[in-house]
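Colleague: Sharing a structure, written as structure tokens. Questions coming.
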Amino acid sequence: MRHRFYPALLGALLGSLALATPALAAPFAYVPNEKSASVSVIDTATDTVVNTLPGGQRPRGLATNGQKLFISEAPTDGLAVVDLATGKQLKGLKLGQSPEGIYLSSDGRLLAAAVEESNSVALIDLGKGRQIANIKVAGKNPEHAVFSPDGRWILASAEEAEQVDLIDVQRKRQVASIPVGRRPRGIGFLPDGSRAYVACELASTVYAIDMQSRSVVAEIKAGNFSNGVTVAPDGQRVYVSNGKDGTISVIRTRDHQIEATIPVGKRPWNMAITPDGRKLYVANGRSNSVSVIDTEQLGVIAEIPVGEQPWGVTIHP
1163 MRHRFYPALL GALLGSLALA TPALAAPFAY VPNEKSASVS VIDTATDTVV
1213 NTLPGGQRPR GLATNGQKLF ISEAPTDGLA VVDLATGKQL KGLKLGQSPE
1263 GIYLSSDGRL LAAAVEESNS VALIDLGKGR QIANIKVAGK NPEHAVFSPD
1313 GRWILASAEE AEQVDLIDVQ RKRQVASIPV GRRPRGIGFL PDGSRAYVAC
1363 ELASTVYAID MQSRSVVAEI KAGNFSNGVT VAPDGQRVYV SNGKDGTISV
1413 IRTRDHQIEA TIPVGKRPWN MAITPDGRKL YVANGRSNSV SVIDTEQLGV
1463 IAEIPVGEQP WGVTIHP
């Protein structure tokens, strides 16, 4: 008996298999859509949305270890958890009032969540499945809480602050504040952890922080309302989203000069870069899209429609 060949059916089957076995496919980009309460899954090989997953209620921060998605949801003050193999939402955890940015340590053991209304950073042990610390910070309304590459430190930024707060992870407490500009938001570390870059929205400036001296060593004027920060895997560039301008500033780390300014969508927010450093994915909160930037050409090569009000992008190898 001759079997008919259906290209569309085969394509759908291969797509579903690729999504179920991410190790065999190109990295996936996960985009939390705050207003539509969903997560768009983008195949970075084809720059197309290959799946839409539940995102809890009003999803904002998102992190993944390749098996599960961890999503902060403001209305429940919780951490939503989605199983990537089944696409189903699992039992979540409480974080605190109005959680926002969440980040994994490089070894995948710990998750840090910036919790706005309690002015704290919640620390979750994923192996134990529970919160092990609620660390008070000096800044009001913290938005991001990012691990250093070695996992020793967390830098936390807050909307109503002019400093970033340094947390000692082992001691589970804040140990310093480093002065920067008004309304610090996105944070990114060089791969070796020697410097951190902080975008301050109301100052429209990026501050380079030497982590050994805990002091600012450079102030780089970016576009209007700079907010998101992503560092290239080789540490040669820092990418900064400018919310009011609708652009991305490309900063060379060797001399802290602006190498290029790239137009994207409306209100670009948080971003992520592929592990090979060749593509940058930018969430455009008011365009309901993700702009894809070729980092060699330094230009947009794709505009991907996603859900409503995308908050950011996370990429897992």
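Sequential numbering from 1163 applies to the sequence shown in this note's numbering.
Where is the CB? At the ideal position from N, CA and C, for every residue including glycine.
Nothing here was measured: the structure is a model prediction, and the numbers come from that model.
Along the beta strand (DSSP E) that carries H1478, what are the first and last residues, could you check?
Modeller: H1478 -> beta strand (DSSP E) spans 1476-1478.
Colleague: Tell me whether L1175 is buried or exposed, calling it buried when 16 or more other Cβ atoms sit within 10 Å of its Cβ.
Modeller: Confidence at L1175 is low in this model, with a pLDDT of 37, below 50, so its placement is unreliable and the value that follows should be read with caution. The residue in question, L1175, is exposed, as its Cβ has fewer than 16 Cβ neighbours within 10 Å.
Colleague: Determine the contact status of S1521 and N1303, defining contact as a CB-CB distance below 7 Å.
Modeller: Outside the displayed range of the chain (1163 to 1479) lies residue 1521, so it cannot be described from this structure.
Colleague: Do you know whose CA, among N1386, A1394, G1348, A1242, lies nearest T1409's CA?
Modeller: For T1409, the nearest C-alpha among the options comes from N1386.
Colleague: Can you give me the Cβ contacts of A1323 inside the same chain, cut-off strictly under 7 Å, excluding the 5 residues immediately before and after it?
Modeller: Counting only Cβ-Cβ distances below 7 Å, and skipping sequence neighbours, we find G1301, K1302, P1346.
Colleague: Any heavy atom of the ligand ATP closer than 6 Å to the beta-carbon of Q1229?
Modeller: The ligand ATP is absent from the structure shown, which contains no ligand whatsoever.
Colleague: Would you check if the distance between the CB atom of S1200 and the CB atom of V1211 is smaller than 7 Å?
Modeller: Against a cut-off of 7 Å, the Cβ pair of V1211 and S1200 comes out as no contact.
Colleague: By DSSP, does Q1251 sit in helix, in strand, or in coil?
Modeller: In the structure shown, Q1251 sits in a strand (DSSP, three-state: E or B).
Colleague: Mind reading off the beta-carbon distance from V1475 to A1284? Whole number of angstroms is fine, and I expect it under 8 Å.
Modeller: Not really, about 22 Å apart at Cβ, beyond 8 Å.
Colleague: If you run the structure through DSSP and keep just helix, strand and coil, what is W1431?
Modeller: The answer is strand: DSSP assigns W1431 an E or B state.
Colleague: Going by the beta-carbon positions, is the gap between V1454 and V1402 smaller than 7 Å?
Modeller: No, the pair does not count as a contact, with Cβ atoms beyond the cut-off.
Colleague: Please report the residue range of the beta strand (DSSP E) in which N1303 lies.
Modeller: Its beta strand (DSSP E) spans residues 1302-1309.
Colleague: Which residues in the same chain have their Cβ closer than 7 Å to the Cβ of R1344, if we skip the five residues on either side of it in sequence?
Modeller: Same-chain partners within the cutoff: E1324, C1362, L1364, A1365.
Colleague: Please look up how many angstroms separate the CB atoms of P1479 and A1445, rounded, as I've assumed it's under 8 Å.
Modeller: That belief does not hold up - the Cβ atoms of P1479 and A1445 are roughly 19 Å apart, past 8 Å.
Colleague: What residue does the beta strand (DSSP E) around G1240 start on, and which one ends it?
Modeller: Where G1240 is concerned, the enclosing beta strand (DSSP E) stretches over 1240-1245.
Colleague: Are three or more beta carbon pairs between the stretch 1241-1258 and the stretch 1459-1468 nearer than 8 Å?
Modeller: Flag = no, the stretch 1241-1258 and the stretch 1459-1468 do not touch.
Colleague: In this structure, how does DSSP classify S1377 when only helix, strand and coil are distinguished?
Modeller: Three-state DSSP puts S1377 in a strand.
Colleague: Would you mind working out which of Q1332, V1308, R1314 sits nearest I1294, comparing C-alpha positions?
Modeller: Among Q1332, V1308, R1314, the Cα nearest to that of I1294 belongs to Q1332.
Colleague: If you compare alpha carbons, which of D1205, G1270, A1188 is closest to N1227?
Modeller: Minimum Cα distance to N1227 is reached at G1270.
Colleague: Just the C-alpha distance for W1431 and K1406, rounded to the nearest angstrom, thanks.
Modeller: Distance between the alpha carbons of W1431 and K1406: 10 Å.
Colleague: Which same chain residues end up closer than 6 Å to Q1459 when comparing Cβ atoms and leaving out the 5 residues on each side of it in sequence?
Modeller: Within the same chain, Q1459 has no close Cβ partners at all.
Colleague: Taking I1286 as the reference, which of S1267, E1279, S1319, D1396 has the closest Cα?
Modeller: Looking at the Cα atoms, S1267 is the closest of the given residues.
Colleague: What are the boundary residues of the beta strand (DSSP E) that includes A1284?
Modeller: Per DSSP, A1284 belongs to the beta strand (DSSP E) from 1282-1287.
Colleague: I think V1378 touches V1391, with their Cβ atoms under 8 Å apart; what is that distance to the nearest whole Å?
Modeller: Wrong, their Cβ atoms sit about 15 Å apart, outside the cutoff.
Colleague: Provide the residue span of the beta strand (DSSP E) that contains V1400, from first to last.
Modeller: Per DSSP, V1400 belongs to the beta strand (DSSP E) from 1399-1404.
Colleague: Check this for me: beta carbons of F1232 and Y1265, under 7 Å apart or not?
Modeller: Against a cut-off of 7 Å, the Cβ pair of Y1265 and F1232 comes out as no contact.
Colleague: Using only CA atoms, which one of P1221, D1354, K1230 lies nearest to G1291?
Modeller: It is K1230 whose Cα lies nearest to the Cα of G1291.
Colleague: To which residues of the same chain is T1423 closer than 6 Å at the C-beta, ignoring the five residues directly before and after it?
Modeller: Only T1409, S1411 meet the Cβ criterion.
Colleague: Start and end of the beta strand (DSSP E) containing K1298?
Modeller: It spans 1292-1298 - the beta strand (DSSP E) in which K1298 sits, taken as one unbroken run.
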